[in-house]
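**Q** Sequences listed follow chains U and H, in order. In this text, residue positions in the first sequence follow the working numbering: the first is 1, and each later residue adds one. In this text, residue positions in the second sequence follow the working numbering: the first is 1001, and each later residue adds one.
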Amino acid sequence: MVDTKTLNPRKKEEKQRHPRQEELFLATVKGKETSLPEDLYVPPNALEILLDSFAGPLDFLLYLIKKQNLDILDINVAKITEQYTSYIELMDAMQVELAGDYLVMAAYLAELKSRMLLPRPIEQTEEEDPRAELIKRLQEYQRYKEAAERIDKIPRIDREIFAANAKLPEFATKAPLIDVPLEDLTIALAEVLRRVEQSQAHLINFEELSTRERMTQILERMRTESFIEFTSLFNPKEGKIGVVVTFLAILELLKDSLIEIVQSEEFGPIHIKGIEEVH
Amino acid sequence: MERNLSEILEALLLSASRPISIDDIVKVFEDPKPSKDEIRNALNQIDQDCLTRGIELKKIASGYRLQVKQSLSQYIAKLWEEKPQKFSKATLETLSLIAYKQPITRGEIEEIRGVAVGTQLIRGLMERGWVKIVGQRDVPGRPSLYSTTKEFLDYFGLQHLRELPELPSLPDLTSIEHELPIDDPDESIDSPQSLN
């Protein structure tokens, strides 16, 4: 859309003053030459990108002023207005979408320029220079622009500040369970045995029982029941040997850490529960 | 079981993943709770212990934070693959206006910046927890007044707003005017001829 061709010869002198300045271009937009700003410091095809980097029209104005090596206090409103509007017109010709704020600024500058063109009566010296308002705005903006740059330099989290963290320990959130002393366990066994005595009368025969098999049976039962009452594991019909085999199986399972024996309160019922897998 | 207080505090600081205050610390103890002075002493102890370590105890707005020593951050940064987030000029300017001129309305921010401040931008700052609405100005429209938060200070490792970099001073208009060289007299401001 934009084709750049000649170096503006009028800029030679300018170039010497700014040796770092790259070539300056004339833009041709839709075959029509666009009048370039008096002091064009930016190749027009870079304008869009450049304008993106400005935080607004004031930022852009400050840039134009700085490029002329001028102080804010030293600005020529007429000149800066012309330059600014040339840029805006150029952008418009290039169909760059501009934020309305840039147009508002253009209007403001034009108004300022027109006010300065009017002759000022000598006796009205105390009247404020029309430039003063613009200068004030630029200065005020520049303060906060600089403040923002300073804030940007403060060390901040994840750039210069890194919070120290440690991996959390495992939490024992469950209520601690009471340890079951062996004594209580044997008392419970005695209780079971006593009941077995009571129902022994009708015992006719018993199968040969294996401790291993009983261990499997208990584990299988624990798949469906998470808590099994200690006494319910025993079948009085199996007689004394059956009880002993079951008891041995429980002890074996306990030894292998496949089950836990818990008691929720003193003298309360004893329960068997499976060990929860710890990941 | 008697525990070394600074040992517990170090554990708290390392696990909190946020700055913790002395009040926070008091809460984790059951009676008899340590006194605030005891906690301060224990924190001092941690600070001392850190001298020979890679971390330091930093007091910021919301409390204390254990962090990697500033001087070592260059090494950490290499380990981080993702570049730290950069903030746009617009965000930083808005943030600095809120920080220095709080409480401030959006209109006042726009006036100084000379550009509209997007709702998205303010919302972004609020979502980060850096900015909050502290009230409404009693003028038509009742615009919201914005201020910065403790989290903002925490993020920048500050305890108080007064630790922010000094706001550049506003130069006096009258004193500077004639000090400046004007290269081209034709371009001098008050000559209408140059305006063509």
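Beta carbons are placed, not taken as given, at the ideal position from N, Cα and C, and that holds for glycine.
(1) At a CB distance below 8 Å, what residues from the segment 1013-1036 of chain H approach chain U? Give them in sequence order.
(2) Pop quiz: U/V196 and U/K240 are said to be a contact at Cβ under 8 Å. What is the actual Cβ separation, rounded to whole angstroms?
(3) Check the Cβ of U/A107 against every Cβ in chain H and list those closer than 8 Å, keeping chain order.
(4) Find out if the Cβ-Cβ distance for the pair H/R1065, U/A166 is shorter than 8 Å.
(5) Reducing DSSP to helix, strand and coil, say where H/R1065 ends up.
(6) From H/E1108 to H/W1080, what distance separates their C-alpha atoms?
(7) What does the alpha-carbon distance come out to for the pair H/L1072 and H/W1130?
(8) Which residue's Cα is closest to the Cα of U/T246: U/E89, U/L193, U/I151 and U/P269?
(9) Between H/T1159 and H/K1059, is the Cβ-Cβ spacing less than 8 Å?
(10) Any idea if H/Y1075 is buried or exposed, counting beta-carbon neighbours within 10 angstroms, 16 or more meaning buried?
(11) Taking only the alpha-carbon atoms, compute the straight-line gap between U/L58 and U/A148 and give it to the nearest angstrom.
(12) With 8 Å set as the bound, which would you pick, yes or no: does the beta-carbon of H/L1005 sit closer than that to a beta-carbon of chain U?
(13) Between U/R137 and U/A55, what straight-line distance do the alpha-carbon atoms span, to the nearest angstrom?
(14) Identify the contact partners of U/D158 in chain H, using a Cβ-Cβ distance below 8 Å as the criterion.
(15) Strictly under 8 Å for the Cβ-Cβ distance: is U/A166 near chain H by that measure?
(16) H/I1039 and H/I1025 look like a contact to me (Cβ under 8 Å); what is the Cβ gap, rounded to whole Å?
(17) Does any C-beta atom of chain U lie closer than 8 Å to the C-beta of H/E1093?
(18) Hey, would you say U/E252 sits closer than 8 Å to U/T211, going by beta carbons?
(19) Which complete beta strand (DSSP E) runs does the segment 1126-1172 of chain H hold, if anything under 3 residues is left out?
(20) Going along chain H in order, which residues have a C-beta closer than 9 Å to the C-beta of U/P155?
(21) So with Cβ pairs under 8 Å, would you call H/I1046 a contact of chain U?
(22) With the cut-off set at 8 Å, would you say U/A249 and U/R214 are in Cβ contact?
(23) Assuming contact is defined by CB atoms lying nearer than 8 Å, are H/A1116 and U/D101 in contact in what I supplied?
(24) What number of angstroms, rounded off, separates the C-alpha of H/K1054 from the C-alpha of U/Y144?
(25) Could you name the residues of the same chain whose beta carbon sits closer than 6 Å to that of U/F60, not counting the 5 residues immediately before and after it, in chain order?
(26) Helix, strand or coil for U/R195 per DSSP?
(27) Secondary structure at U/F247, three-state DSSP: helix, strand or coil?
(28) Which chain H residues are close to U/E89, counting only those with a beta carbon under 8 Å from its beta carbon?
(29) Note down, in chain order, every chain H residue with its Cβ under 8 Å from the Cβ of U/L58.
(30) For H/L1167, which residues in the same chain have their Cβ closer than 6 Å to its Cβ, ignoring the five residues on either side in sequence?
**A** According to the data block:
(1) Only L1013, L1014, S1015 and S1017 from the segment 1013-1036 of chain H bring a Cβ to less than 8 Å from some Cβ of chain U.
(2) The pair is a contact, with the Cβ atoms about 6 Å apart (cut-off 8 Å).
(3) Near U/A107 there are no residues of chain H at all, since even the closest Cβ is about 12 Å away, more than 8 Å.
(4) No, they are not a contact pair.
(5) Here H/R1065 carries a strand assignment [DSSP, helix/strand/coil].
(6) Taking the straight line joining both Cα atoms gives about 39 Å.
(7) Going by the C-alpha atoms only, they are around 26 Å apart.
(8) Taking only the C-alpha atoms, the option nearest U/T246 is U/L193.
(9) Just to set this straight, residue 1159 of chain H is Gln in the shown sequence, not Thr. Contact flag set, yes.
(10) The residue is exposed, with fewer than 16 neighbouring Cβ atoms inside 10 Å.
(11) Near 15 Å, if we compare the C-alpha coordinates of U/A148 and U/L58.
(12) No - not a single Cβ of chain U is within 8 Å of the one on H/L1005.
(13) Straight-line measurement puts the Cα of U/A55 at about 15 Å from the Cα of U/R137.
(14) What U/D158 touches in chain H, judged by beta-carbon distance under 8 Å, is W1080, P1084 and Q1085, going in chain order.
(15) Cβ-Cβ to chain H under 8 Å: yes for U/A166.
(16) Taking a contact as a CB-CB distance under 8 Å, the pair H/I1039 and H/I1025 counts as one, their CB atoms being some 5 Å apart.
(17) Using a CB distance cut-off of 8 Å, H/E1093 counts as an interface residue toward chain U.
(18) Going by C-beta atoms, U/E252 is nearer than 8 Å to U/T211.
(19) If we require 3 residues or more, the beta strand (DSSP E) runs fully inside the segment 1126-1172 of chain H come out as 1131-1136 and 1144-1148.
(20) Identification of chain H residues near U/P155 by a Cβ-Cβ cut-off of 9 Å yields Q1070, S1073, F1156 and G1157, ordered along the chain.
(21) No, H/I1046 lies away from the interface with chain U (no Cβ there is under 8 Å from its Cβ).
(22) In this structure, U/A249 sits near U/R214, with a CB-CB distance shorter than 8 Å.
(23) Yes, they are a contact pair.
(24) Checking the sequence shown, residue 1054 of chain H turns out to be Gly, not Lys. If I take the Cα positions, the gap works out to 36 Å.
(25) These residues qualify, in order along the chain: F54.
(26) The three-state reading of DSSP puts U/R195 in helix, counting H, G and I together.
(27) DSSP places U/F247 within a helical segment (H, G or I) once states are collapsed to three.
(28) None at all; the shortest Cβ gap to chain H is about 17 Å.
(29) The answer, in chain order, is R1113, G1114 and V1115.
(30) Counting only Cβ-Cβ distances below 6 Å, and skipping sequence neighbours, we find Y1100.
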